[in-house]
């Protein structure tokens, strides 16, 4: 995304020049619309996470994620956009990962894809590894069960290699990983599936 004062973002441009696509989440802590459409949103912005998607190696997985970021995928009946906007990171495990993407049930049980089925097969599994913090990977319930849920690693998690499709990474621009660390630091309920005590919300998302 261009900054009118500094021009095009060099990290975004470099990713695009590599043949990849870049999407983003604007993340906030707390707030929401529980008080009605006219209620003041008391959320606290945490920052923006930019992702570089490995579209050449994982085109179907990346397109699924990209459309859920942009809202291009719509409900077949209502035509309302379906995707990550206003969804939450429902699971936070410090020194491991943060997980989100369940805009259906909001608890890690929801599954949906843009391909007319709830899930779709693994794609180029093992091409990329969970080799460092900031890897973007598909959450699943076993082989070939990818849907809308994803996770971002908070450190190297090599035991997940070959089990989850890594299809992107947090763009190394200095600010994006800092936002991930802020999410990682949110306290969670013990014994309740690592759910954050304060909702971590994706208040805006899209493609850059």
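In the numbering used here, the protein residues as written are 606 to 813. Ideal placement from N, C-alpha and C gives every residue a C-beta, glycine not left out.
query                                                                                                                                                    : result
DSSP puts residue 742 in a beta bridge; with which residues?                                                                                             : 756 and 771
Evaluate contact between the segment 742-757 and the segment 701-715, counting only Cβ atoms and requiring at least three cross-stretch pairs below 8 Å. : yes
With a threshold of 16 other CB atoms inside 10 Å of the CB of residue 806, please say whether the residue is buried or exposed.                         : buried
In three-state terms, what does DSSP make of residue 670?                                                                                                : helix
Strictly by DSSP, which residues pair up with residue 631?                                                                                               : 653 and 809
With distances taken Cα to Cα, identify the nearest neighbour of residue 762 among 701, 789 and 810.                                                     : 701
Going along the chain, which unbroken runs of the beta strand (DSSP E) with 3 or more residues stay wholly within the segment 663-709?                   : 694-698 and 702-705
Could you check if residue 707 is buried or exposed, using at least 16 other CB atoms within 10 Å of its CB as the buried criterion?                     : buried
Using DSSP bridges, identify the partner residues of residue 787.                                                                                        : Residue 787 pairs with nothing; no bridge assigned.
Counting C-beta neighbours from all protein chains within 10 Å, is the total for residue 623 16 or more, i.e. buried, or is it exposed?                  : exposed
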